Amino acid sequence: MPWLSTLMGVSVLGALGVTLVRNDKLAKQFTLVVSLIVLALTVAMAVQFSPNGDKFQFAETHDWIPAFGVHYGVAVDGIALVLILLSVILVPIVVLASWHDAEAGKRSVRTYFSLLLVLEAMMIGVFAATDVFLFYVFFEAMLIPMYFMIGSYGGAQRSYAAVKFLLYSLFGGLLMLVAVIALYSIAGKGTFMFSDLVGTIQDVTTQKWLFLGFFIAFAIKAPLWPFHTWLPDAAAQAPAGAAVLLVGVLDKVGTYGMLRFCLELFPDAAKFFTPLVIALSVIGIVYGAIVAIGQTDMKRLIAYTSVSHFGFIALGVFAMTTSAGSGATLYMVNHGFSTGALFLIVGFLVYRRGSHFIADYGGVQKVAPILAGTFLVAGLSSLSLPGLSTFVSEFMVLTGTYQRYVVPAVIATVGVILAAIYILWMYQRTMNGPTAESVKSLPDLNAREKWVVAPLVALLLVFGFYPKPLLDVINPAVKDTLSSVSVTDPKPAVPVAQEGQ
Amino acid sequence: MNGTIQAPSIEYALLAPVLVVFGAAIVGVLVEAFAPRYLRSAIHLPLTLLSLAGAFALAVWQAVKGVPTKPAAMGAVAVDGPALFIWGTILILAFVSVLLIKDEEHFVGSAAAVPGSAEEEQSLVERAAHTEVYPLVLFAVGGMLLFPAANDLLVAFVALEVMSLPLYLLCGLARRRRLLSQEAAVKYFLLGAFSSAFFLYGTALLYGFAGSVDLAKINQALGAVGGQDTLLYIGAAMLGVGLLFKIGAAPFQAWKPDVYQGAPTPITALMASGTLVAAFGALLRVFWVGLGGLDWDWRPVLYGVAILTMVVGAILAITQTDIKRMLAYSSIAHGGFLLIGVIATGQTQAENTSALSGLLFYLVAYGFTTVGAFAIVTMVRDPGGEAWHLSRWAGLGKRSPLLAGTFAFFLLAFAGIPLTSGFFGKYAIFQAAVANGAMPLVIIGVVASAIAAFFYVRVIVLMFFSDPAADGPSVVLPSRGTAAVVGIAALATVVLGVYPQPVLDLAHTAAQSLFVR
Amino acid sequence: MTTHYLVLSALLFAIGGVGVLVRRNAIVVFMCVELMLNACNLAFVTFARQNGNLDGQLIAFFVMIVAAAEVVIGLAIIVTIFRTRRSASVDDVSLLKY
Amino acid sequence: MELYVPIVVLAVLAAGFAVFSVSIAPFTGPKRWNRAKLDAYECGIEPTPQPVGGGRFPLKYMITAMLFIVFDIEIIFLYPWAVAFDRLGVFGLVEMVLFIVTVLVAYAYVWRRRGLDWD
Amino acid sequence: MNNVPTLDDFGHDPLWISIIKAVAIFVFLMLGVLMGVWTERKLISRMQHRYGPNRAGKFGLLQSVADGLKMGLKEDIMPRTVDKVIYFLAPVIIAVPAFLAFSVVPFGPMVWMFGHKTPLQLTDLPVAVLLVLATASIGVYGVVLAGWGSRSPYAVLGGLRSAAQVVSYEIAMGLSFVAVFLQAGTLSTSEIVAKQASGGTWDILGLSIPAPSWYVVSLIPSFLIYAITMLGETNRVPFDLPEGEGELVGGFHTEYSSSLKFAMFMLAEYVNVFTVSAMAITLFFGGWRAPWPLSLWDGANSGWWPMLWFFLKLVIAFGFFVWVRASLPRVRYDQLMAFGWKVLIPVNLAWILLAATFKALRMPEADRAIILSIGAVVIIGAFAIWLRFDTVNQRRREAKAAAIEEEFEQLREEPAAGGFPVPPLDAPHYHGVVPAARLNSDAAKEVTSGSN
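For the record, the sequence lines run as chains A, B, C, D and E.
Sequential numbering of the first sequence, starting at 3, is according to this note's numbering.
Sequential numbering of the second sequence, starting at 9, is according to this note's numbering.
Sequential numbering of the third sequence, starting at 2, is according to this note's numbering.
Sequential numbering of the fourth sequence, starting at 30, is according to this note's numbering.
Sequential numbering of the fifth sequence, starting at 246, is according to this note's numbering.
1) Do we get a CB-CB distance below 8 Å when we pair A40 (chain C) with the residues of chain B?
2) Please classify V12 (chain A) as buried or exposed, where buried requires at least 16 neighbouring CB atoms within 10 angstroms.
3) Report yes or no: do the region 251-267 of chain E and the region 34-45 of chain D share at least 3 C-beta pairs separated by less than 8 Å?
4) Using the rule of at least 16 other Cβ atoms within 10 Å of the residue's Cβ for burial, across every protein chain shown, is L514 (chain B) buried or exposed?
5) Just to confirm, is the Cβ distance from T326 (chain E) to A400 (chain E) under 8 Å?
6) Looking only at DSSP bridge pairs, what is W357 (chain E) linked to?
7) Please report how far the alpha carbon of G445 (chain B) lies from the alpha carbon of N159 (chain B), in whole angstroms.
8) Does the separation of the CB atoms of A383 (chain B) and A497 (chain B) fall below 8 Å?
9) Of all the CB atoms in chain D, is at least one closer than 8 Å to the CB of L188 (chain B)?
10) Rounding to the nearest angstrom, what Cα-Cα distance links S189 (chain B) and T81 (chain C) in this structure?
11) Spatial neighbours of H676 (chain E) within its chain, please: CB distance less than 6 Å, with the 5 preceding and 5 following residues excluded, ordered by chain position.
12) Would a check of beta-carbon distances place S504 (chain E) closer than 8 Å to chain D?
13) Cβ of A417 (chain E) within 8 Å of Cβ of G585 (chain E)?
14) Look at the Cβ atom of I597 (chain E), then the Cβ atom of V423 (chain E), and state whether they are nearer than 8 Å.
15) Using a Cβ-Cβ cut-off of less than 9 Å, list which residues of the region 308-322 of chain E approach chain D; keep chain order.
16) CB-CB under 6 Å to S37 (chain A), same chain, minus the five flanking residues each way: which ones, in chain order?
17) Going by C-alpha distance, which of B:V116, B:M171, B:Y507 is nearest H73 (chain A)?
18) For V511 (chain B) and F141 (chain A), what's the separation of their Cα atoms in angstroms?
19) Taking W66 (chain A) as the reference, which of B:Q509, B:F523, B:T517 has the closest Cα?
20) Output yes or no for whether 8 Å exceeds the beta carbon distance between E514 (chain E) and T474 (chain E).
21) Please decide whether V450 (chain B) counts as near chain A, where near means a Cβ-Cβ distance under 8 Å.
22) Buried or exposed: where does M3 (chain A) fall if 16 or more other Cβ atoms within 10 Å of its Cβ makes it buried?
23) From the DSSP output, which residues share a beta bridge with D65 (chain A)?
24) Give a yes or no on whether the C-beta atoms belonging to F288 (chain B) and L346 (chain B) are separated by under 8 Å.
25) Would you call the region 401-411 of chain A in contact with the region 382-390 of chain A, where contact means no fewer than 3 C-beta pairs closer than 8 Å?
26) Measure from the C-beta of R143 (chain D) to each C-beta in chain G and report whether the shortest distance is under 8 Å.
27) Alpha carbon to alpha carbon, how far is I94 (chain B) from A164 (chain A)?
28) So, at 7 Å on beta carbons, what are the nonlocal neighbours of P298 (chain E) in its own chain, with the 5 sequence-adjacent residues on each side left out?
29) Take the Cβ of G626 (chain E) as the centre, count every other Cβ of all protein chains shown within 10 Å, and call the residue buried at 16 or more, exposed below.
30) If you run the structure through DSSP and keep just helix, strand and coil, what is N26 (chain C)?
31) By Cβ distance below 7 Å, which residues in the same chain neighbour A290 (chain B) in space, the five residues on each side in sequence not counted?
32) Within the same chain, show all residues whose beta-carbon is closer than 6 Å to that of A86 (chain B), passing over the 5 residues directly before and after it, in chain order.
33) Which residues of the region 59-71 of chain C have a Cβ closer than 7 Å to any Cβ of chain B? Give them in chain order.
34) Could you tell me if A24 (chain B) is buried or exposed, where buried requires 16 or more neighbouring beta carbons within 10 angstroms of its beta carbon?
35) Between M65 (chain C) and I102 (chain D), what straight-line distance do the alpha-carbon atoms span, to the nearest angstrom?
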């Protein structure tokens, strides 16, 4: 069964179906059903995935544009699989969370949900693509639904944020396009299949240039300091649901791309640039955290925390140890859940009060304890409290990095401390203290919202204590990747599976 | 003087597509002369469409029958693979444009009447119409067909004029904003004539150099004739000026925004698609066939021109407030991208083929998209005509989501977003250029695309993310022709964006044999 | 011998070109363009003599016909705008600018 | 080139005569100043002021000029064809018929659009 | 026949011989004008039962000389408003080309002149006839500039009218030459004359009939058209519209009231008459060749004799001009233009095709089927178009007549609206009355472009 195509096909057909439904409510329900079907299918697929089997499984390859050597090639390895899982899990949650989001403006509700499903298809595609060209196509095409979601349904500054988001990403994408073309030409294989291209570029100088082309695109996407400036705007202006997908999934494409393409296609260049990337990551970790502390706007604050977290992920990717690599991959998943939860809860808060400034809140804990409680859990997961899933990944990244680069690992640890400051301080300012006049009448989470938050919190807790299923899938893939970069861990790898327990 | 003259032989069958179009144009003039007024449109429209379709069928038939390997008509016209492909493209685009042109409300009833005068009112009351538009368009299309197939510079010059002269007139026939339209006609005419004078003088100098205006002979003479390099260089440069003017390459782009803005929108669509295709075909032929041996000299110049064109087109477009001007600058920028393809000639036939086929594909893709975009421009109306100011387009996404969505889609195709035809067009060109080592050019092209994307995105922002004005423009219900145009263009943009392989194959086959010499 | 004609032709072409660029009356600009075309003709005929074939003279015919067509169309356009504007100055034609 | 020299000789002669005659005219005749005599002649009425550059005139003349150009060009092509007719043979005839028919089509158009009518 | 010049015989004269020939032509033309004016006046008077000039000299022979002197001695008026340079140059521009056309007119065969064998013709070119047309065109500049530079309404209108007329008839004239070139295969005047030496034979029913050698016989339609256009080209009666006294006073030379400037116009007009006559002789009447009975004498076409034949032919041609002037009234301007454009040009084109088809039919290797089918198509097409025109014109005439009739009816009923029998002075002219129906038809009004 062509699993991956089916997943995308269901999403796209669902999107078309949504536009045909005349009734808004029906459309929402329909979207939810479709996204749940996709989730179910994905789970069914994931179950069949054998971690120690072939590197790429569920592979489908068809000629698409023979003239350019382009194939429709999809398949998943462990890394892609967990990221696809992340996406399809987040989508129904986001659908549920955005139940009333699209109604705020006088925009078409159906369009919003249709875009959401299109985006889902693209997200699956981008992670599953095994053809570099196809990857690029999804990479770019993904921007469009997100662009419309931010621009049409976002906050006051939405059009500015949407344009900034699109142009940054587009620019990065175009650089990547050049690199893709050059890769094709220089490799001279007449094909874009990833597996055929690995190892074809031997010349180190060429590798460096091509690496830069890909890397800048991914760094913008990720976003890595100093290419991050679009993220706070976009995330702050996007509707909560879109922000979750933006930060939780779309940005992962950047780090995923680094891991998949930058490392495997250009191993020598990757090694050459590692110090630079690590420096950028570390700066990003600290910078993001410090700036986050200074934010007065909750959404921007979360966006900056993400900048910091993406620093960790990139650090993990480029540390080039199994532990760090697996940690980074795991971090991508966990970050999706934790930041997603944060964005959603802040979204609920904002929906109630109509303001995303911290100063407008205070003492919410007393009027809305469940909201405050889940907010705390999500926040703690963001600062990597042991017992929550993010801790595992952050720890793996740090230990993995420490094996190879001591100083950066130490500096990065500062980020953990700063994270505690910004999260707890924000929590204190909004949830604790005397209840502000304006929040006195805030209702607590309703049933729908509880249904939104519950799975996320559950996942954070479950994977916090038992990340093994994920790591089992991830580890072989990461090892495989690193072996194709031909690095070996400096010393025998820590038995990572037990780390978090 | 009294030597025997070999009576020339002309392969009428090979030239049939061109002859059909010209013949229909002449019949069109007869219709103008003899048919009663109320019948004219009813005769013209089927005549025009049928002749274009017939010419297309003939071109296809020829391509199927086998592409000739020798120039026709005593070496004057080369009906080779690229020429047939370009013919097909132009004919389809012209067909689509004619569907737009058939809405006669875009054209002035009486061009001779002074705007605002009693005569003009009279012509409105009488519902006068210039049905001459149809034969004029056919003449222009005939010129477009001949121009890229011209195998000697004289035929190229004549074709250039046959193509341009009707367009000069058509430009001045807009029903609304007459003053602007007339200005556009004057500007286009004066600058166009100026540039064709350059083309001609270049031809003269090359003739002086090579003793012939035949492209192949000029190319032969490049190596053989010594001591007259000055003639050669100046001639080639002037020829280049003339050709670059027609495609609107910087620094000869000044006419394009003015003309696109002033001309009736259906005519703009025809110019933006057909003329560009034809001019690029001719440019390719002249530079590759005629001056192929000189490529070390012209390539750096074209390098510069391409860069300038992309940058100027992309940057000046940002400052535009008129939708048609913006599209014109976008067309300039696209001309720059296409020039990359012209430069991307390599040493081997395979590389040339890939560059050529990429270019041909780009032309098809861009042509359809641009016709569609202009078709949409015709549908958004203010009381005084089309809603030209960008601010009037604000909030169109709410008022008319389908229309705005389609337009946004075309804009994304211009910007080269994947899954639209524009992406594969750009990709094909860039790929060929990279393969030929024109990497810096590609990088600049990419930067220019990013800049260009800004103003496309801006329009989308305006349409979708701004609130509509209270007295916003109305979106007219499109006539069947216009609806068909938009539909065809959107379909082409999607199909070429998702499954370009058949057209790529076609372009590749056409480019396989390269130009006959 | 033929050099003089070429120089003359180049001069005429240059005068025409400069005229197009500096003159402001549309009709004069237009006449300058025609002058350029005629300079081309002179060059063609001269080269025909220099090269010893008749192609150049033949081309001159075609150029004449094209120039004539240009005259007809150009005058039509210029007269139309002249009637509208009561002026043939290119400077007055200023609605279009970027 | 010598073929043209005699023409130049005749031209010099004729021009010399013409310029001489026109130039001496002011000196051979008398000079009697009279204001009315120096006005433009309009059958005795006060002359209409004429703008510099000749002023306006009916567009009709412009159209005639354009038509003249079209047909003059036709003649340009007819002459070489006529001279070389023997050598071109049937091909020349066919092409010229096409050419003339094309021009006649334009001619018919102009006729029907009253381009040839004077009122 | 080695005394018949060909193109190769030209261009070998020493300069002094050229000068002698040029001066001879010049003098011939000057004297010709003097005598021509006299002849015309005398001849036309006799035709009108008058005496004509008979005071100055015997038979008034010196009348022209007297007129010329008078012109030279009259006051040279330069009106205040004229553009001085153009006003001055126009007579020169009009006079010089008139002389130039004569440089390619063949007066006779090769003769011995001061020890040089030289043709009796100033020069000849491969494109001699084009030179004639070119000089005629330059003459038009003189006319236009004279009118333009005068800056008076009559002069401007006269100049433009004249120019329009001349160019219109020039097309017909140019077309009428085509058949001649078709026959002769050359544009050189001397060779055209040579071609008219013998006409070959026509083989009809097995008989060899010697064809007439002059083109006037074989190409009679061309000649007729040429004869008409030469009247139009020279602004002679019945086509002397540019100086129609009734409407335009003197036309383009209104402001050239007297003096030698006017004399230049006069001179140019007569020289032009001589030129077109000479061209008629050269192209259609065998040039300097002796006419049939005389040509039986071998010596008639050699030596200096042909100049005599040429001169006689010229006198006869000039007589034709006078005859026409005495017999025909002036045509109306619209009739003049319509005749030129709507009759002469299409007829001419049709005749050219016909002549070419005949010629092609006589070519040995030609494919007759093609030629005949072309001919058939052309004839049928022409006939169809003519029929269509005829019916359309008919319908138009009837509609116009009906409209006039209706207007008359209406006016008869409402005299107050400007109708018959006599409109009251204060009534608005009936063209000013807008029918009520028109006034109310503004329903379909839309914003005119003048507003934006």
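Just so you know, even glycine gets a beta-carbon here, dropped at the ideal spot from N, CA and C.
Note that the structure is predicted; figures quoted are calculated from it, not measured.
Put simply:
1) Taking the third sequence and counting its residues from 1, one reaches residue 40 (chain C) at position 39. So, interface residue.
2) As a first step, residue 12 (chain A) must be located in the first sequence, where it is residue number 10. By the 10 Å Cβ count, V12 (chain A) comes out buried.
3) yes
4) On the second sequence, residue 514 (chain B) is found 506 positions in, with the first residue counted as 1. Per the 10 Å Cβ criterion, buried.
5) Along the fifth sequence, read from residue 1 onward, the residue named residue 326 (chain E) stands at position 81. Along the fifth sequence, read from residue 1 onward, the residue named residue 400 (chain E) stands at position 155. Contact: no.
6) Taking the first residue of the fifth sequence as 1, we reach residue 357 (chain E) at position 112. Note: W357 (chain E) sits in a beta bridge opposite E:K362.
7) One-based indexing of the second sequence puts residue 445 (chain B) at position 437. One-based indexing of the second sequence puts residue 159 (chain B) at position 151. Roughly 29 Å separates the two Cα atoms.
8) For the purposes of this step, residue 383 (chain B) is taken as residue 375 along the second sequence, with counting starting at 1. For the purposes of this step, residue 497 (chain B) is taken as residue 489 along the second sequence, with counting starting at 1. For A383 (chain B) and A497 (chain B), yes; Cβs fall inside 8 Å.
9) Within the second sequence, the letter at position 180 stands for residue 188 (chain B). Chain D contact via Cβ: absent.
10) Within the second sequence, numbered from 1, the residue matching residue 189 (chain B) stands at position 181. Within the third sequence, numbered from 1, the residue matching residue 81 (chain C) stands at position 80. If I take the Cα positions, the gap works out to 11 Å.
11) On the fifth sequence, residue 676 (chain E) is found 431 positions in, with the first residue counted as 1. Its pLDDT being 48, under 50, H676 (chain E) is placed unreliably in this model, and the coordinates cannot settle the point.
12) Position 259 of the fifth sequence, counted from the first residue, corresponds to residue 504 (chain E). S504 (chain E) counts as touching chain D.
13) Taking the fifth sequence and counting its residues from 1, the one referred to as residue 417 (chain E) is at position 172. Taking the fifth sequence and counting its residues from 1, the one referred to as residue 585 (chain E) is at position 340. Closer than 8 Å, so yes.
14) In the fifth sequence, residue 597 (chain E) corresponds to position 352, counting from 1. In the fifth sequence, residue 423 (chain E) corresponds to position 178, counting from 1. Yes. Within cutoff.
15) M316, G317, L318, K319, E320, D321, I322
16) Here the question's residue 37 (chain A) lines up with position 35 in the first sequence. Hits under 6 Å: V93, P94, V97.
17) As a first step, residue 73 (chain A) is located in the first sequence; it is residue number 71 there, counting from the start. Answer by Cα proximity: B:Y507.
18) Taking the first residue of the second sequence as position 1, residue 511 (chain B) is located at position 503. Taking the first residue of the first sequence as position 1, residue 141 (chain A) is located at position 139. Going from the Cα of V511 (chain B) to the Cα of F141 (chain A) covers about 24 Å.
19) Residue mapping note: residue 66 (chain A) aligns to position 64 of the first sequence, counting from 1. Comparing Cα-Cα distances from W66 (chain A) to each of B:Q509, B:F523, B:T517, the minimum goes to B:Q509.
20) Here residue 514 (chain E) is taken as the residue at index 269 of the fifth sequence, counted from 1. Here residue 474 (chain E) is taken as the residue at index 229 of the fifth sequence, counted from 1. No, they are not a contact pair.
21) Here residue 450 (chain B) refers to the residue found at position 442 when the second sequence is read from its first residue. V450 (chain B) counts as touching chain A.
22) In the first sequence, residue 3 (chain A) corresponds to position 1, counting from 1. By the 10 Å Cβ count, M3 (chain A) comes out exposed.
23) Counting from 1 along the first sequence, the entry for residue 65 (chain A) is found at position 63. In DSSP, D65 (chain A) forms a bridge with A:H73.
24) The sequence position of residue 288 (chain B) within the second sequence is 280, counting from 1. The sequence position of residue 346 (chain B) within the second sequence is 338, counting from 1. Yes.
25) no
26) Included in the structure are the protein chains A, B, C, D and E, with no chain G among them.
27) To locate residue 94 (chain B), count along the second sequence from 1; it is residue 86. To locate residue 164 (chain A), count along the first sequence from 1; it is residue 162. Cα to Cα, the separation comes out at about 39 Å.
28) For the purposes of this step, residue 298 (chain E) is identified with residue 53 of the fifth sequence, where counting begins at 1. So the qualifying residues of the chain are W283, R286, K287, G305, Q308.
29) Translated into positions along the fifth sequence, residue 626 (chain E) becomes position 381. Answer is exposed; the Cβ neighbour count stays below 16.
30) In the third sequence, residue 26 (chain C) corresponds to position 25, counting from 1. Three-state result, N26 (chain C): strand.
31) Position 282 of the second sequence holds residue 290 (chain B). For A290 (chain B), where only same-chain residues beyond five positions count, the Cβ hits under 7 Å are F155, P156, A158, A164, L251.
32) The count along the second sequence starts at 1 and reaches residue 86 (chain B) at position 78. Same-chain partners within the cutoff: P79, A157, N159, V524.
33) I60, F63, V64, V67, A70, E71
34) The sequence position of residue 24 (chain B) within the second sequence is 16, counting from 1. Label assigned to A24 (chain B): buried.
35) In the third sequence, counting from the first residue as 1, residue 65 (chain C) sits at position 64. In the fourth sequence, counting from the first residue as 1, residue 102 (chain D) sits at position 73. Roughly 8 Å between the two C-alpha positions.
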